[in-house]
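S.K.: Residue numbers (this note's numbering): -1 to 382. Glycine residues also receive a C-beta, built at the ideal position from the N, C-alpha and C atoms. Before we start, here is the structure in question, set down as structure tokens.
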């Protein structure tokens, strides 16, 4: 696959100039609307599709208010900590589309909608899946057992919840040889939140592996260098900043390359080229926040690239997938395993959630961590 030239692109996903970033910041302003005025706006929205029939409008309005209550209770239940009004308004707009249906179908759609809200906001975001992948390589010979690599990405800490506790338990029980984190420590809404920092440090303290724990930064607005420096200060986690380290596993070298993500492949490719110099000999893992550098990594004979950033879209629909994938390549690398020549790319769905005015939601896209077993035998993956 030939890399695309993005040097003329003006709005890069994951940067402050991206359209998505601008949209979630604008939507976040809805939270500032006083509650009585917001309730009145919801009622006005309920009047339009019901042709101002008061009884139907009141019924639809009650569903709107129900969503608002469900979302407002999320922080109290320690599920998620985003604003309630922006996603309530978004859900109301979607519900209004179904309100034009004949009454029995409209009522059924609203009931199903409430069930989906409960599942997508309260349940799925906390169901951490362990995805197991295997990779065969001729570069590692005579291993007594496979190298176990645990890939984590997009932590986006707001507070420690059941999701983060499950993550730490899985990381302990899986007994990886090395843990690799592909960026985005904090939620975008909590970059300068001391409590979020404290909780993030607590999670990171519990991540341990014999060969070490390594991390790169994610999107520049999220993983601001001065913040990451304070998060990792005094910790056992090694922050890879445009560098290569060589690990020794069972007498075999494994090169680990960590690149600071600017979201500009034409910029980060120069860094990658300077580090690797086209050396194909050791088995090489590239840790880089976004999948957009994968075609360039394939040319440098990288064996495995571990990335994230897209969250798998967070909301997926059958037969289509992610409604939005934050990648320069669109939906091509939205999640999962991909093969680009000799390079294996994996894009994690991540652990946490988008911030600012984006809904704290997952649907058909549960959070995941990935355990790789790298050896000279087998190459298949399964999710458990």
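Which whole runs of the alpha helix (DSSP H) in the segment 131 to 162 are 4 residues long or more, in chain order?
M.R.: none
S.K.: Using only alpha-carbon positions, find the residue among 98, 268, 119, 344 that is nearest to residue 131.
M.R.: By one-based count along the chain shown, residue 131 stands at place 133. Out of 98, 268, 119, 344, 344 has the C-alpha closest to the C-alpha of residue 131.
S.K.: So the candidates are 121, 249, 248, 266; which of them puts its Cα closest to the Cα of residue 255?
M.R.: Here residue 255 refers to the residue found at position 257 of the chain shown. Ranking 121, 249, 248, 266 by Cα distance to residue 255 puts 266 first.
S.K.: If you follow the alpha helix (DSSP H) that residue 112 is part of, which residue opens it and which one closes it?
M.R.: One-based indexing of the chain shown puts residue 112 at position 114. 101 to 115 is the span of the alpha helix (DSSP H), which, as asked, contains residue 112.
S.K.: Have a look at residue 370 and residue 15 and give me their C-alpha separation to the nearest angstrom.
M.R.: Numbered from its first residue, the chain shown carries residue 370 at position 372. Numbered from its first residue, the chain shown carries residue 15 at position 17. The straight-line gap from Cα to Cα measures roughly 35 Å.
S.K.: For the segment 323 to 333 against the segment 98 to 113, are there 3 or more C-beta pairs whose distance is under 8 Å?
M.R.: no
S.K.: Return the residue from the list 198, 233, 9 that minimises the CA-CA distance to residue 221.
M.R.: Residue numbering aside, residue 221 sits at position 223 when the chain shown is read from its first letter. Closest option to residue 221, Cα to Cα, is 198.
S.K.: Bridge partners for residue 211 per DSSP, in chain order?
M.R.: Start at 1 with the first residue of the chain shown, and residue 211 comes out as number 213. Per DSSP, 177.
S.K.: Who are the Cβ neighbours of residue 274 in its own chain at under 6 Å, not counting the five residues just before and after it?
M.R.: Counting from 1 along the chain shown, the entry for residue 274 is found at position 276. Excluding sequence neighbours, residue 274 sits near 298.
S.K.: Looking only at its own chain, which residues have a Cβ that is under 6 Å from the Cβ of residue 142, when we skip the five neighbours before and after it?
M.R.: To locate residue 142, count along the chain shown from 1; it is residue 144. Excluding sequence neighbours, residue 142 sits near 248.
S.K.: Tell me which residues share the same chain as residue 97 and place their Cβ nearer than 7 Å to its Cβ, disregarding the 5 neighbours each side in the sequence.
M.R.: In the chain shown, the residue the question calls residue 97 occupies position 99. Result list for residue 97: 47, 48, 58, 104, in chain order.
S.K.: Applying the 10 Å Cβ sphere with the 16-neighbour rule, what's the burial state of residue 355?
M.R.: As a working note, residue 355 is residue 357 in the chain shown. Buried: at least 16 other Cβ atoms inside 10 Å.
S.K.: As a quick exercise: from 293, 44, 185, 147, pick the residue whose alpha carbon is nearest that of residue 337.
M.R.: Working through the chain shown from its first residue, we reach residue 337 at position 339. The residue with the shortest Cα to Cα distance from residue 337 is 293.
S.K.: Just curious, the alpha helix (DSSP H) that residue 265 is in, first and last residue?
M.R.: Taking the chain shown and counting its residues from 1, the one referred to as residue 265 is at position 267. Run containing residue 265: 263 to 274, per the alpha helix (DSSP H) assignment.
S.K.: To which residues does DSSP link residue 246 through a beta bridge?
M.R.: Start at 1 with the first residue of the chain shown, and residue 246 comes out as number 248. Partner(s): 251.
S.K.: With 16 other CB atoms within 10 Å as the buried threshold, where does residue 20 fall?
M.R.: As a working note, residue 20 is residue 22 in the chain shown. That one is exposed.
S.K.: DSSP three-state call for residue 367: helix, strand or coil?
M.R.: Working through the chain shown from its first residue, we reach residue 367 at position 369. In this structure, residue 367 counts as strand in the three-state DSSP scheme.
S.K.: List the residues that DSSP assigns as beta-bridge partners of residue 337.
M.R.: Here residue 337 refers to the residue found at position 339 when the chain shown is read from its first residue. Looking at the DSSP assignment, residue 337 forms a beta bridge with 342.
S.K.: Quick check: residue 366 and residue 22, are their CB atoms within less than 8 Å of each other?
M.R.: As a position in the chain shown, residue 366 is number 368, starting the count at 1. As a position in the chain shown, residue 22 is number 24, starting the count at 1. For residue 366 and residue 22, no; Cβs fall outside 8 Å.
S.K.: From residue 384 to residue 310, what distance separates their C-alpha atoms?
M.R.: The question about residue 384 has no answer here: the residues shown for the chain are numbered -1 through 382.
S.K.: With C-beta atoms as the reference, is residue 195 less than 8 Å away from residue 228?
M.R.: In the chain shown, residue 195 corresponds to position 197, counting from 1. In the chain shown, residue 228 corresponds to position 230, counting from 1. Contact: yes.
S.K.: Taking its Cβ as the centre, do 16 or more other Cβ atoms sit within 10 Å of residue 340, making it buried, or is it exposed?
M.R.: Your numbering for residue 340 matches position 342 in the chain shown. Per the 10 Å Cβ criterion, exposed.
S.K.: Quick check on residue 252: buried or exposed, where buried means 16 or more other Cβ atoms within 10 Å of its Cβ?
M.R.: As a working note, residue 252 is residue 254 in the chain shown. It is buried - the Cβ of residue 252 has at least 16 other Cβ atoms within 10 Å.
S.K.: Taking C-beta to C-beta, are residue 202 and residue 180 nearer than 8 Å?
M.R.: The residue you call residue 202 lines up with position 204 of the chain shown. The residue you call residue 180 lines up with position 182 of the chain shown. No, Cβ-Cβ distance for residue 202 and residue 180 is not below 8 Å.
S.K.: Between the Cα of residue 383 and those of 324, 3, 64, 160, spot the shortest distance and give me the residue it belongs to.
M.R.: Beyond the ends of the chain as shown, which are -1 and 382, falls residue 383; an answer cannot be given.
S.K.: Alpha helix (DSSP H) containing residue 285: first to last residue?
M.R.: As a first step, residue 285 is located in the chain shown; it is residue number 287 there, counting from the start. Segment 281 to 285 is the beta strand (DSSP E) holding residue 285; no alpha helix (DSSP H) there.
S.K.: Could you check if residue 91 is buried or exposed, using at least 16 other CB atoms within 10 Å of its CB as the buried criterion?
M.R.: Locating residue 91 in the chain shown gives position 93, counting from the first residue. Residue environment for residue 91: exposed (fewer than 16 other C-beta atoms within 10 angstroms of its C-beta).
S.K.: To the nearest whole angstrom, what separates the beta carbons of residue 209 and residue 155, a pair I think is in contact under 8 Å?
M.R.: By 1-based counting over the chain shown, the position of residue 209 is 211. By 1-based counting over the chain shown, the position of residue 155 is 157. Incorrect: roughly 24 Å between the Cβ atoms, too far for contact.
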